[in-house]
Structure formats: C-alpha cells, structure tokens
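**Student:**
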Amino acid sequence: MAYALVTGASRGIGRAIALLLAQRGYDLLLVARSEDQLRALAQEIAQHHQRQAHVLALDLAAPGAAETVAEWGVQQASGQLAVLVNNAGYGLWGRFESLRLAEQQNMLQLNMALPVALTHLLLPALHQVPRAYVLNVASTAAYQAVPSLALYAASKAFLLSFSRGLRYELKHSNVSVTCLCPGATTTSFADRAGMGAELQATANKVSMSAEAVADVAVAGMLAGEAEVVPGVLNKVSAGLTSFVPKGIVEKIAAGIYEKYL
Ligand SMILES: NC(=O)c1ccc[n+]([C@@H]2O[C@H](COP(=O)([O-])OP(=O)(O)OC[C@H]3O[C@@H](n4cnc5c(N)ncnc54)[C@H](OP(=O)(O)O)[C@@H]3O)[C@@H](O)[C@H]2O)c1
Numbered sequence: 003m004a005y006a007l008v009t010g011a012s013r014g015i016g017r018a019i020a021l022l023l024a025q026r027g028y029d030l031l032l033v034a035r036s037e038d039q040l041r042a043l044a045q046e047i048a049q050h051h052q053r054q055a056h057v058l059a060l061d062l063a064a065p066g067a068a069e070t071v072a073e074w075g076v077q078q079a080s081g082q083l084a085v086l087v088n089n090a091g092y093g094l095w096g097r098f099e100s101l102r103l104a105e106q107q108n109m110l111q112l113n114m115a116l117p118v119a120l121t122h123l124l125l126p127a128l129h130q131v132p133r134a135y136v137l138n139v140a141s142t143a144a145y146q147a148v149p150s151l152a153l154y155a156a157s158k159a160f161l162l163s164f165s166r167g168l169r170y171e172l173k174h175s176n177v178s179v180t181c182l183c184p185g186a187t188t189t190s191f192a193d194r195a196g197m198g199a200e201l202q203a204t205a206n207k208v209s210m211s212a213e214a215v216a217d218v219a220v221a222g223m224l225a226g227e228a229e230v231v232p233g234v235l236n237k238v239s240a241g242l243t244s245f246v247p248k249g250i251v252e253k254i255a256a257g258i259y260e261k262y263l
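The opening position of the sequence shown corresponds to residue 3 in our numbering, with each subsequent residue numbered one higher.
Structural data, given as structure tokens:
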C-alpha cells in the first residue's frame, strides 16, 4: 500500500490531513515532537481506518533532522512512498527588532530549510511510484508582506515560490507539487506565535477549522492543483493582493496585526 509522510502531524492542520489521507487508503508516517499525540493518532488511524501508521518523534528544526526523517521514511515505506506533506511550521508575532534572532532563525529553519531538504532527499523515493504528490503548507501570508509577522510571511512567500518553480520542473514527471495557503485556522498556531487575546479574538471571527482546511487541501492535492486557498474570504483577500497596490495591502494588514502589539 502507498505511504504518506506528514510533518507536524501531532495536531492542527497536519493531524487533520493525516486522518483524511488514512481515510483515502494511505498508510501513514507521522512526524513531530509530541510522541504521545503521534501515538494516539497512529492508534486512531489503525482502529478507525484500518491503515498502518508509524511515528517518529523529533525536533525537525535540529541539525540533521531532514536526513533522519528521510532515511526513516524510505525504510518504513519500502519503495511505496507516494505523498510528502511539508506541514510543520510556526509563526512569531512581534516586531522583527524585538523578537529574538535565534528564535526567528529556528522558525526559518523549520518553515523553509526543512521542506527544501526533505523534498530533495525524498524525491528519488517519490519517483519510484506511479503517481506521487508533494503538499507544501504555506499561508495566505505568502501573498503579501505582513507587518508584525514580517519574517513568517517572508518564509511562506519563499515556500510558495519554491513550490511553483519545482512544480513546473516536475510537470512531465509522476510527481505533482501543490502549495496550500490557508488563512486563519483554529489550531495552536496563534498561541505558539505569541498572539495576544485581542488579536486571537479578531482572527477567530474568520477562522476555519483544521478539518475544513484539510478537506480542501487533500482534494486539491489529489486533483493536481498548483495552489489551494481554502475558504471564499481567503480566496478573495489573496486574489486582491495581485492588483491592489502593495502599500495599501500592507496598511490593511498592519491595521489588523500590528495594532494589538
Ligand atoms: N493556523 C493558522 O492560522 C495557519 C494559517 C496559515 C498557515 N498555517 C500553517 O499551517 C501549518 C500547520 O500549523 P497549525 O496551524 O496546524 O499549527 P499547530 O497546531 O501549532 O501545529 C504545528 C505542528 O507542527 C509541529 N511542529 C512545530 N514545531 C516543530 C518542530 N520543531 N519539530 C517537529 N514538529 C514541529 C507541531 O508538533 P509538535 O509541537 O508536537 O512538535 C504540530 O504538529 C504551519 O506550517 C503553519 O504555518 C497555519
């Protein structure tokens, strides 16, 4: 049976994507730091979806993590790796100058360097099956600069551009590359980013559930779409950034995100 490897599978969007892939018949390779949550998910997948799930608990921002995951994934899947979901990531809310440089560099490692390395290391395995998919989880922040999430937005713009370029390079191959760009989603993302209660309350008014995002993401990935923006509101706001002047877009974003700093 075909395997899907999901990073950041312990909760949130990654967990929801893993469950949907199990429903679609994939066996799962689950990676994140929280071993208990990964094991609970693996059990749920085995019980409710009769699929195998293996777990690997490690810090994906640590040196050598991509190599460890790739080696483990290739061994577990034994020639049947068909899906790579680069989902693990986080944001940091605050002024670039005020946030600790080391923490920002850790975020860049997880959001950019890790998906690049994992994709490079796992493409040879993905080329061994008849049809394979890479799903990179970016954000609607990929479409514009966001004051107070400046580096996070830049990391997601990187991931979107990388995804599109790689997709084109692989267009005559068996591997389809999709970039998922969710807007606000109800997960532990906002807490992890250090967003205050007022900003979280504002975001909650338009937030989608992780399950709804995963649903659109998996369908889009399997349909071979280049970019998937879940939700009408997110589609409209992402679309507007292509013709509204950048200065105005940034002022609107600052009005939402910066005013609660
Ligand atoms: N929620 C939103 O509003 C939103 C919007 C747009 C894009 N996104 C993107 O969606 C993706 C998933 O985020 P989420 O919203 O589902 O957030 P989440 O609930 O905080 O989940 C993040 C996942 O990444 C894993 N992770 C974080 N740091 C890790 C590390 N150093 N090593 C290994 N695993 C790590 C976490 O697992 P452990 O803590 O167990 O390691 C968890 O499984 C991220 O790339 C995020 O940027 C989220």
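A virtual CB, placed ideally from N, CA and C, is assigned to each residue, including glycine.
So V231 is in the alpha helix (DSSP H); what residue range does that whole segment cover?
**Tutor:** Here V231 belongs to no alpha helix (DSSP H), and DSSP marks it neither H nor E.
**Student:** Which residues does DSSP list as the beta-bridge partners of Y135?
**Tutor:** Paired residue(s): V85, S178.
**Student:** Which residue comes first and which comes last in the beta strand (DSSP E) that contains D29?
**Tutor:** 29-34 is the span of the beta strand (DSSP E), which, as asked, contains D29.
**Student:** Would you please state the rounded distance, in angstroms, between the beta carbons of V118 and F164? I believe it to be under 8 Å.
**Tutor:** 7 Å
**Student:** Alpha helix (DSSP H) containing V251: first to last residue?
**Tutor:** 248-259
**Student:** Taking the alpha carbon of T189 as the point to measure from, which residue in A214, Q106, M114, L137 has its own alpha carbon closest?
**Tutor:** A214
**Student:** In whole angstroms, what is the alpha-carbon distance linking G167 and L263?
**Tutor:** 35 Å
**Student:** Can you tell me which of L137, P149, L86, K158 puts its alpha carbon nearest to the alpha carbon of L124?
**Tutor:** L86
**Student:** Could you tell me which of L201, I19, S244 sits nearest to A256, measuring between CA atoms?
**Tutor:** L201
**Student:** Look at the alpha carbon of V218 and the alpha carbon of I47, and state the distance between them as a whole number of angstroms.
**Tutor:** 20 Å
**Student:** Checking the sheet assignment: what are the DSSP bridge partners for M197?
**Tutor:** The partner list for M197 (beta bridge, DSSP) is empty, contrary to what the question assumes.
**Student:** Between the beta-carbon of A79 and the beta-carbon of Y5, is there less than 7 Å?
**Tutor:** yes
**Student:** Should L83 go down as buried or exposed, given a rule of 16 or more other Cβ atoms within 10 Å for buried?
**Tutor:** buried
**Student:** Please classify V238: is it buried, with 16 or more other beta-carbons within 10 angstroms of its beta-carbon, or exposed?
**Tutor:** exposed
**Student:** What did DSSP end up calling T70 once you bin it into helix, strand or coil?
**Tutor:** T70 falls in the helix class under three-state DSSP.
**Student:** Given 6 Å as the limit, tell me if T189 has its C-beta closer than that to any heavy atom belonging to ligand 1.
**Tutor:** yes
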